[in-house]
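Using UniProt numbering, read the sequence shown as starting at 1 and increasing by one per residue. Ideal Cβ placement from N, Cα and C applies to all residues, glycine included. Below: one structure, written as structure tokens.
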Amino acid sequence: MKLTILKETSPGETRVAATPESVKKLVGLGHTVTIESGAGTVAGFPDKAFSDEGATIAKTAATALKGADVLLKVRGPSAAEAAKYPEGLTVIALMNPFAMGDVTDALNAKKLNALAMEFTPRITRAQSMDALSSQSNLAGYRAMIEGAQIYGRAMPMMMTAAGTVAPAKVFVMGAGVAGLQAIATARRLGGVVTATDVRPAAKEQVASLGAKFIAVENDEFKEAETAGGYAKEMSDDYKKQQAELTAAHIAKQDIVITTALIPGRPAPVLVNEDMVKSMRPGSVIVDMAVAAGGNCPLSKPDEVVDVNGVKIAGFSNLPARLPADSSSLYAKNLLAFLPLITAEDGALNLDTDDEIVTAMLLTRGGETVNERLKS
């Protein structure tokens, strides 16, 4: 196959869909790799690093796409970009499938085959391909680092001759991949950490990292996880009980990190305006769900908002703040997936009943084929 990697065009996107390491392995498997000049520069991968591993460097995106079988991207294309792609091209990216809008029509108009890395099923065989997990892991780490920086005080307890500095109190809301990494990072930095989640399995995971678990543990809580491992949408009554439990707790916290996302739905509100106003001046909220509407209604994408001395940070693309590592993990996710759509002779093969490919395939030959988008 001829694989193409383009420079990302989304504002603020610093990642790239290949690294010199992944290019070396792809070339070793017999694929031809073409990379648009400058695609990896911001992530720390100059053109020469790619060409040294066997990639061809193209001066423009149009040149890079000539004869391509598969386009590997970090972010899905816009409708305008998709309209410029050669007919029949296969695009693999983080497509943001539930918010594609007119992109779907553009993909189908050019008979493009689109696969969404977000739809990688959470099964054992697909773990190495799970881009959401790899990127969320780094996002959780970076969220805690950003929160600590904005907080502006020491994280660990410090005992000095001049007196004792109390440790920072950190509350992580949502203990998925991102939340667990935020917890682990906060613990490494010396904070006193508590966490909450609606999924029963999270309680043990939180405790294993040395944090205290806080949640309303009723019958609804015991059934609050989907078969795929995601959190379910909770009832209004449960949300009310959980809000009452956490309101008093939040008032005592120095740093609150919110991570709650529900696929295909707006992010649930976890920290309302009254909770924000109850926090001490100098406290920090890092809203990791700001791109999906936010877990705090006062957060704004890519801004740090000050509300009565409480700083609310909304970072819409935290993995892009660690471009080298994020790109490396994402490239490995793609490297693990590609064999599933590669025939024995090395050609592209989408004619497969593999459950992973079926789950990820959005459009093919001018039609929307994914059941999750049809419903």
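Assigned with DSSP and collapsed to three states, THR63 falls in helix.
In the DSSP annotation of this structure, the continuous segment of the beta strand (DSSP E) that includes ASP306 starts and ends at 303-307. Looking at the backbone, the Cα of GLY147 and that of VAL42 are separated by about 24 angstroms. Secondary structure at PHE213: strand, using DSSP grouped into helix, strand and coil.
Here GLU87 is actually not in contact with LYS73; their C-beta atoms are around 18 angstroms apart, not less than 8 angstroms. The beta strand (DSSP E) runs of length 3 or more contained entirely in the stretch 10-85 are, from start to end of the chain, 32-36, 56-58, 70-75. The beta carbon of ASP302 lies closer than 6 angstroms to those of SER316 in the same chain, with the five residues before and after it left out. Counting the other CB atoms within 10 Å of its CB gives PRO319 a total of 16 or more, which places it among the buried residues. The stretch 253-264 and the stretch 274-290 touch, with three or more beta-carbon pairs separated by less than 8 angstroms. DSSP places LYS169 within a strand segment (E or B) once states are collapsed to three. Bridge pairing for ASP102: absent [DSSP]. Note: GLU223 is not bridge-paired with any residue in the DSSP secondary-structure output.
For a cut-off of 8 angstroms, the C-beta gap from VAL284 to VAL307 is around 11 angstroms, too long to register as a contact. Scanning LYS203, ALA168, GLU217 for the CA closest to the CA of VAL193 turns up ALA168. By the Cβ criterion, the stretch 326-333 is in contact with the stretch 127-142, since at least three pairs of Cβ atoms, one from each stretch, lie closer than 8 angstroms. Positions of the beta strand (DSSP E) runs, each at least 3 residues long and wholly inside the stretch 105-134, are given as 113-116 in order along the chain. In terms of Cα proximity to GLY309, the closest of ILE250, GLY282, PRO323 is GLY282. Here DSSP, grouped into helix, strand and coil, assigns THR352 to coil.
Bounds of the alpha helix (DSSP H) holding LYS203 are 201-208. The C-alpha of GLN181 is placed about 23 angstroms away from the C-alpha of ALA17.
Within the stretch 310-364, the alpha helix (DSSP H) runs of at least 4 residues that lie entirely inside it are, in chain order, 323-337, 355-360. Contact between GLN242 and MET279 is ruled out by a C-beta separation of about 18 angstroms, above the 8 angstroms threshold.
Contact between the stretch 6-14 and the stretch 75-91 is present, with at least three C-beta pairs closer than 8 angstroms.
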